[in-house]
């Protein structure tokens, strides 16, 4: 299946894709997904805290709840591509094996060819594909590729244990988005029926 991220990271070192079916139109699903505070579930916050403890990271100051796109762009990620109401892709370069990771945006037109040594390029996407009237497949995909062999070795050592938390976050986030989108769609339908 063709992916939105094929043009940015065609040959990843790591790839994770998760999907869920949502009983709501794509526009509602994408609105909820892009505005969803991914750290709102308690277990997700615990995973981030566990990483801080394991890596001995600088503790973060109290955070302001933000949607996933707003939060990641404030952390340094760049917007790679977007079709409002359908999909969004963001990407950055970083060294995720460091305790205090710094994300640096790469312009979309340079992302695929970017090759500065010693880093990993990571891209993630959210896609809302309407598969039937008011039924949407919500997909979240993350791809990472190292720019050289030394970075690849460091990244793959890190990824062996870190992917467990990353997968858990996605498995917690997608059902929460599904529930909220279905709740919001039911409310919209109820308000239309009352008119």
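In my numbering, the protein residues as written are 3 to 197. Think of the CB as a built atom: it goes at the ideal place given N, C-alpha and C, for glycine as much as any other residue.
- In the structure shown, residue 157 falls within a helical segment according to DSSP collapsed to helix, strand and coil.
- Inclusion of residue 96 and residue 106 in the CB contact set at 8 Å is warranted, their separation being smaller than that value.
- In this structure, residue 164 keeps its C-beta atom at 8 Å or more from the C-beta atom of residue 10.
- Rounded to whole angstroms, the gap between the alpha carbons of residue 14 and residue 192 is 44 Å.
- Within 10 angstroms of the beta-carbon of residue 58 lie fewer than 16 other beta-carbons, which makes it exposed.
- In the DSSP assignment, residue 68 falls outside any beta strand (DSSP E) and carries neither an H nor an E.
- For residue 30, the enclosing alpha helix (DSSP H) begins and ends at 28 to 37.
- By the Cβ rule, the segment 131 to 147 counts as touching the segment 21 to 33, because three or more pairs are nearer than 8 Å.
- The Cβ atoms of residue 145 and residue 51 lie no closer than 8 Å to each other.
- Residue 108 carries a coil assignment under DSSP once its states are collapsed to helix, strand and coil.
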